[in-house]
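Number of protein chains: 2
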Amino acid sequence: MTRTVLESKSKTVVIGFDEPFCVIGERINPTGRKALAAQLEAGDFSTVEKDALEQVACGAMVLDINAGVVYNSNPNPNETEPPLMTKMIEMVQGLVDVPLCIDSSVPGALEAGLAVAQGRPLLNSVTGEEERLELVLPLVKKYNVPVVAISNDDTGISMDPDVRFAVAKKIVERAADFGIPAHDIVVDPLVMPIGALGTAGQQVFTLVRRLREELGVNTTCGASNISFGLPNRHGINAAFLPMAICAGMTSAIMNPVRPVEMEAIRAANFLMNNDANGTEWIKFARVMDQVKDGANFAEASTAARASGAGKDGRRRRRA
Amino acid sequence: MTRTVLESKSKTVVIGFDEPFCVIGERINPTGRKALAAQLEAGDFSTVEKDALEQVACGAMVLDINAGVVYNSNPNPNETEPPLMTKMIEMVQGLVDVPLCIDSSVPGALEAGLAVAQGRPLLNSVTGEEERLELVLPLVKKYNVPVVAISNDDTGISMDPDVRFAVAKKIVERAADFGIPAHDIVVDPLVMPIGALGTAGQQVFTLVRRLREELGVNTTCGASNISFGLPNRHGINAAFLPMAICAGMTSAIMNPVRPVEMEAIRAANFLMNNDANGTEWIKFARVMDQVKDGANFAEASTAARASGAGKDGRRRRRA
Numbered sequence: 039m040t041r042t043v044l045e046s047k048s049k050t051v052v053i054g055f056d057e058p059f060c061v062i063g064e065r066i067n068p069t070g071r072k073a074l075a076a077q078l079e080a081g082d083f084s085t086v087e088k089d090a091l092e093q094v095a096c097g098a099m100v101l102d103i104n105a106g107v108v109y110n111s112n113p114n115p116n117e118t119e120p121p122l123m124t125k126m127i128e129m130v131q132g133l134v135d136v137p138l139c140i141d142s143s144v145p146g147a148l149e150a151g152l153a154v155a156q157g158r159p160l161l162n163s164v165t166g167e168e169e170r171l172e173l174v175l176p177l178v179k180k181y182n183v184p185v186v187a188i189s190n191d192d193t194g195i196s197m198d199p200d201v202r203f204a205v206a207k208k209i210v211e212r213a214a215d216f217g218i219p220a221h222d223i224v225v226d227p228l229v230m231p232i233g234a235l236g237t238a239g240q241q242v243f244t245l246v247r248r249l250r251e252e253l254g255v256n257t258t259c260g261a262s263n264i265s266f267g268l269p270n271r272h273g274i275n276a277a278f279l280p281m282a283i284c285a286g287m288t289s290a291i292m293n294p295v296r297p298v299e300m301e302a303i304r305a306a307n308f309l310m311n312n313d314a315n316g317t318e319w320i321k322f323a324r325v326m327d328q329v330k331d332g333a334n335f336a337e338a339s340t341a342a343r344a345s346g347a348g349k350d351g352r353r354r355r356r357a
Numbered sequence: 039m040t041r042t043v044l045e046s047k048s049k050t051v052v053i054g055f056d057e058p059f060c061v062i063g064e065r066i067n068p069t070g071r072k073a074l075a076a077q078l079e080a081g082d083f084s085t086v087e088k089d090a091l092e093q094v095a096c097g098a099m100v101l102d103i104n105a106g107v108v109y110n111s112n113p114n115p116n117e118t119e120p121p122l123m124t125k126m127i128e129m130v131q132g133l134v135d136v137p138l139c140i141d142s143s144v145p146g147a148l149e150a151g152l153a154v155a156q157g158r159p160l161l162n163s164v165t166g167e168e169e170r171l172e173l174v175l176p177l178v179k180k181y182n183v184p185v186v187a188i189s190n191d192d193t194g195i196s197m198d199p200d201v202r203f204a205v206a207k208k209i210v211e212r213a214a215d216f217g218i219p220a221h222d223i224v225v226d227p228l229v230m231p232i233g234a235l236g237t238a239g240q241q242v243f244t245l246v247r248r249l250r251e252e253l254g255v256n257t258t259c260g261a262s263n264i265s266f267g268l269p270n271r272h273g274i275n276a277a278f279l280p281m282a283i284c285a286g287m288t289s290a291i292m293n294p295v296r297p298v299e300m301e302a303i304r305a306a307n308f309l310m311n312n313d314a315n316g317t318e319w320i321k322f323a324r325v326m327d328q329v330k331d332g333a334n335f336a337e338a339s340t341a342a343r344a345s346g347a348g349k350d351g352r353r354r355r356r357a
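Top line first, the protein sequences correspond to chains U and Y. My numbering numbers the first residue of the first sequence as 39 and each following residue consecutively. My numbering numbers the first residue of the second sequence as 39 and each following residue consecutively.
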């Protein structure tokens, strides 16, 4: 049974075929968030704090940390990203006790993150590109951490799912050469927008089954890509996630501060027999009742978590 | 490729692996609807009319007609159901042009329905019970119609999915003895409540795959059973349906006047590449926009359908 073990200072999260779907919160990422980028350049981390607390309250089990900002004062990410990654990780670790996902295209930022992250973070990411393989896999081995493997290579992103499978296989094999086991590789088979490619959904469902059965790896994706450019995107996402889970997908990098998607995932966990007696569903249903009455999802989730902490020590947040 | 062909007077609906999920509207059924039962006994068919129009407007492709009422004036369903079935079918056929599903446990009501239904209705249902097999299969053969096969037998409903598969296999084989092809059998693998049986979802997903791959049959279910007794049932249903569709389920008997479930099905159709260019999704998103602004789903769907009829003759309702 494939188990990818992530750890924070004191919490363990397992990505696995018989585990609840692992929601990796994507919000702490200045890419495409101009206001956040400007805040970070000005040394204002209030949004990072808010995003960390809200995402965990809403059900994120892991937080992705991306420091991919281009400062007006310094356009060189090799200089700006590593210290920002360090700072963001230290701040988030001080606020919430969940494993982190260190997300960067800048090698120095990955290593800076690995140096400061507590426990066993997830590294995001390696691809099938030769340069990236040679650069990231030694870090994965050195720090003994799991890694997200994105199934594109030096030829780009193939529209042919068989090619994407072959790229994933190559990464798993190359990792094995470094002594990295398949259970520490979390493959992203790449989700295309269904609005551009009618077979995008079926490609993912087929790939996830093959990756699981033939390579024995866990899987992840940028879930919202599927609905890019379409109206009522959350409706597409909320059907896509249970379908992907039914096909065997075990995690996603996504926005957990969205009730529709989180409702779909919690229902899917229950339906996959990964929520004994529906305990989590029943708690979540109380939050959804409030949301349907007009409450803000993040606020209702935070309040539910706080009241849970009073009854259950394991849920208490570190100050 | 398995294709179960249903027909009304002038419309064909195909249940199939590469077809949009077939929504069979369940509303026209007095079982458990006391007010409707009382209306029918009093000769008032206004609710039947409303249910027929609303369900089709909301996206039902087939309407189930069940006349299972126990009159205060006559408690014998063998006497009351057949004429009521005839009357309801005639009325519904006069209002909407969709294939019907003739639903009764009373043999005389099935035959009365078959005699009056136009086109090629779906018969609901045969089971693995010996008496029922001997009674229903000759009707299926005589009228050359497809039939719903429910996977229980004289020993009841088994909690063991392998036994339910074996019952389905027996029905398919017995039907073959009558010259009825597998593509005219739509198997209901029986959906248990997830609140009572944690493996209920996985049982269905596994059974649907086996029924499709090993017996080559289409499948259906009473979809809402899955969430029986749970809070926020629609959230469970809306995840279950896409998961069942991803596993290969091709139809469900359900309430189509529910926006959450219909949104999930329309998104799943798109994700299974059964909604070319998202045409249906984009139309539906306009209705959902109105629902989110407070509109009634049935009314918004009816209005959208009426405006569609002005532009597209095929969508015009028979007067």
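Every residue, glycine too, gets a C-beta built ideally from N, C-alpha and C.
Residue i (DSSP reduced to helix, strand or coil)
i              : result
N162 (chain U) : strand
D135 (chain U) : coil
D331 (chain U) : coil
M300 (chain Y) : helix
D141 (chain Y) : strand
A357 (chain Y) : Legend: pLDDT at A357 (chain Y) = 40, less than 50; position of this residue unreliable, value from coordinates given subsequently. Correct three-state label for A357 (chain Y): coil.
E364 (chain U) : An answer regarding residue 364 (chain U) cannot be provided, because it is not within the stretch 39 to 357 covered by chain U.
E45 (chain Y)  : strand
T50 (chain U)  : strand
I103 (chain Y) : strand
I66 (chain U)  : coil
G348 (chain Y) : Because G348 (chain Y) carries a pLDDT of 49, less than 50, the predicted location of this residue cannot be relied on, and the following value inherits that uncertainty. Residue state, collapsed to three classes: helix.
T40 (chain Y)  : coil
S339 (chain Y) : helix
S84 (chain Y)  : helix
V94 (chain U)  : helix
V108 (chain Y) : coil
8 Å contact criterion, which residue i and residue j should meet: CB distance rounded
i              : j              : result
G146 (chain U) : P120 (chain U) : 4 Å
M292 (chain Y) : E299 (chain Y) : 6 Å
V185 (chain Y) : D222 (chain Y) : 7 Å
N215 (chain U) : I188 (chain U) : First, the residue type needs correcting, since residue 215 (chain U) is Asp and not Asn in the sequence shown. Wrong, their Cβ atoms sit about 19 Å apart, outside the cutoff.
L133 (chain Y) : A105 (chain Y) : The Cβ separation is near 16 Å, so there is no contact.
A336 (chain Y) : E92 (chain Y)  : 4 Å
Contact list for residue i against chain U, beta-carbon separation under 9 Å
i              : result
T237 (chain Y) : N311
C259 (chain Y) : Result: empty, since nearest Cβ-Cβ is about 13 Å, beyond 9 Å.
A302 (chain Y) : G273, A276, A277, P280, A302
Proximal residues of chain U, C-beta to C-beta of residue i below 8 Å
i              : result
L268 (chain Y) : G316, W319, I320, A323
A342 (chain Y) : Correct list: empty, because the minimum Cβ distance to chain U is about 14 Å.
M281 (chain Y) : P280, M281, I283, C284, A306, L309
Minimum Cβ-Cβ distance from residue i to chain Y less than 8 Å
i              : result
F83 (chain U)  : no
I232 (chain U) : yes
F243 (chain U) : yes
K349 (chain U) : Low confidence applies here, because K349 (chain U) scores a pLDDT of 49, under 50, leaving its location unreliable; read the following figure in that light. By this cut-off, K349 (chain U) is not an interface position.
Test: residue i CB closer than 8 Å to a CB of chain U
i              : result
A357 (chain Y) : Its pLDDT being 40, under 50, A357 (chain Y) is placed unreliably by the model, and the measurement read from it follows with that caveat. Chain U contact via Cβ: absent.
F308 (chain Y) : yes
A98 (chain Y)  : no
C139 (chain Y) : no
R354 (chain Y) : Annotation note: pLDDT 44 at R354 (chain Y) (below 50); position unreliable, coordinate value reported separately. Output row for R354 (chain Y): interface = no.
Within chain Y, partners of residue i - CB distance below 8 Å
i              : result
M326 (chain U) : N270, G273
A305 (chain U) : G273, I274, A276, A277, F278
Partners in chain U for residue i, counting only beta-carbon separations shorter than 7 Å
i              : result
Q240 (chain Y) : M310, N311
Neighbour flag for residue i against chain A, beta carbons, 8 Å
i              : result
I274 (chain Y) : Looking at the structure shown, chain A is missing, and the protein chains on hand are U and Y.
Please give the ranges of any beta strand (DSSP E) in the stretch 160–243 of chain Y, keeping only runs that are unbroken, at least 3 residues long and fully inside the region. 160–165, 185–188, 223–226
At 3 residues or longer, and completely inside the stretch 245–318 of chain U: list those beta strand (DSSP E) runs for me, N to C. 289–292
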